[in-house]
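Chemist:
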Amino acid sequence: MPDSSSSHHSRRMVEERESFKRPRYDDGCRYAAAGPSSSKQRRVRAAEEDMISKVADNLLPPSDAFENAAAARAADPLGLNQALWEKGWEGGRLYADRSQVDDQDKLSPHPSDEEGASDFSDAEERAAYISVRRAGRIERQNQQRKRELEERRLARMQAIEAADPSASGASSTAFPWGEPVPLTKSTFDLMLRTATAVGSSAKPKQLELRILTHHGRDERFAFLRKEGGGRANEIWERLKAGEKLSWEDVDPDAEVKREGKDKEAMTGLLSGYDSDDGSEDNVACEVGVEKVEVEAGEDVERKAEQATAASALGEYRPAGPVDFVESKPEPASVEEAEQKARDRIARARQWASQQREAKQAASAATGTKA
1 MPDSSSSHHS
11 RRMVEERESF
21 KRPRYDDGCR
31 YAAAGPSSSK
41 QRRVRAAEED
51 MISKVADNLL
61 PPSDAFENAA
71 AARAADPLGL
81 NQALWEKGWE
91 GGRLYADRSQ
101 VDDQDKLSPH
111 PSDEEGASDF
121 SDAEERAAYI
131 SVRRAGRIER
141 QNQQRKRELE
151 ERRLARMQAI
161 EAADPSASGA
171 SSTAFPWGEP
181 VPLTKSTFDL
191 MLRTATAVGS
201 SAKPKQLELR
211 ILTHHGRDER
221 FAFLRKEGGG
231 RANEIWERLK
241 AGEKLSWEDV
251 DPDAEVKREG
261 KDKEAMTGLL
271 SGYDSDDGSE
281 DNVACEVGVE
291 KVEVEAGEDV
301 ERKAEQATAA
311 SALGEYRPAG
321 PVDFVESKPE
331 PASVEEAEQK
341 ARDRIARARQ
351 WASQQREAKQ
361 AASAATGTKA
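For the sequence shown, UniProt numbering begins at 1 and goes up steadily by one.
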């Protein structure tokens, strides 16, 4: 049985519906207090009453709606039975008793601003409602966007290299990634100075990455690359760790050079004497800081020239410390090295000519005595 409050509410609504259907003549309308006086006015009033009755029947709930709503609330307070609540929807949802709603609000007050999900940020609150499927879709979209950006970057780099090949620095074909880096004396000196600068820096990792970023295409700084650095990168790691190394410790041809020095010393002692079998002597030719052994004869000039050029190009070292801002050597330094090489070649030719003349004079004197 429905409760007394719902029955009272139902009777009140029915009374309001009936009073709404009855015409009124005291609210300032065009009808007189005694009622319509002509047939036309009566017909108009009848049409208006019929229209009002139809509108009232559509707006107001049926008489049993409140009984169904009360029964639904009593049988299923939590609203778990959907069919039962649909039967009493109009009375239970649209025309519920406000006193019961107010009582429910008092029993379950709203949480304050300091409690609940209001402590989370907007991003965290949105992430809490993202499903697994949607999260996977967002991840795939991000990966696709990264691939598109990488393809665009590569296209821009290829367009720049095609328009101006010199803008990309050293040619990748001349010194490709993965090719072992040859270790020379000048490269080792540069490694020593770079290791000193990196070791004295407050942020050594950042400085090394900055040098590699700005001079990664320069073959002189190829020892910084972990891929393609070869033996030079291994020596660089040892220097960076603080190990004290010299050029003699890492020179692959150190033993060959020591044997060459011993042979040069012995040749220097015998350079002023003729051999017992009368063959041509081997003489030592000092070019710059190296001694190159050449055979006295017609090709002495050619061999001295080749040795001098190799010494000038292979043993060139910059005069001052390497500037990390400018990776390539200055043109003046290159021209100075070439001029020194030409001067050494000229001195070697002059020395070879003097030795040849002295040998010819000695041979002539020996023949005259005989």
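We treat Cβ as the ideally placed atom computed from N, Cα and C, and that holds for glycine.
Leaving out five residues on either side along the sequence, give the residues of the same chain with a beta carbon under 7 angstroms from the beta carbon of Ala136.
Modeler: Before going on, a small fix: residue 136 reads as Gly here, not Ala. Correct list: empty, nothing qualifies.
Chemist: For Trp247, which residues from the same chain have a beta carbon less than 7 angstroms from its beta carbon, with the 5 sequence-adjacent residues on both sides left out?
Modeler: Lys185, Phe188
Chemist: Provide the residue span of the alpha helix (DSSP H) that contains Glu243, from first to last.
Modeler: Per DSSP, Glu243 belongs to no alpha helix (DSSP H) and is neither H nor E.
Chemist: Please state whether DSSP places Ser353 in a helix, a strand or coil.
Modeler: helix
Chemist: From the DSSP output, in three-state form, read off Ala365 for me.
Modeler: helix
Chemist: In or out: Asn142 buried (at least 16 other Cβ within 10 Å) or exposed?
Modeler: exposed
Chemist: Would you check if the distance between the CB atom of Leu149 and the CB atom of Met191 is smaller than 9 angstroms?
Modeler: no
Chemist: Since Leu224 and Trp236 are thought to touch, with beta carbons under 8 angstroms apart, how far apart are those beta carbons, to the nearest angstrom?
Modeler: 7 angstroms
Chemist: Specify the secondary structure class of Pro204 as computed by DSSP and reduced to three states.
Modeler: Of the three classes helix, strand and coil, the one that applies to Pro204 here is helix, per DSSP.
Chemist: When the Cα atoms are used, what is the spatial distance from Val250 to Leu209?
Modeler: 25 angstroms
Chemist: Would you call Arg344 buried or exposed, if buried means 16 or more other Cβ atoms sit within 10 Å of its Cβ?
Modeler: buried
Chemist: Using a threshold of 9 angstroms, state whether the C-beta atoms of residue 381 and Thr194 are closer than that.
Modeler: In the structure as shown, the chain starts at 1 and stops at 370, and residue 381 therefore has no counterpart that could be examined.
Chemist: Using three-state DSSP, classify Thr187 as helix, strand or coil.
Modeler: Three-state DSSP puts Thr187 in a helix.
Chemist: Going by DSSP in three states, Ser131 sits in which element: helix, strand or coil?
Modeler: Collapsing the DSSP output to three states places Ser131 in coil.
Chemist: Determine the DSSP secondary structure at Ser39, reduced to helix, strand or coil.
Modeler: helix
Chemist: Which of helix, strand or coil does DSSP assign to Asp343?
Modeler: helix
Chemist: May I have the straight-line CA-CA distance separating Ser363 from Ala348, to the nearest angstrom?
Modeler: 22 angstroms
Chemist: Counting C-beta neighbours from all protein chains within 10 Å, is the total for Ala352 16 or more, i.e. buried, or is it exposed?
Modeler: buried
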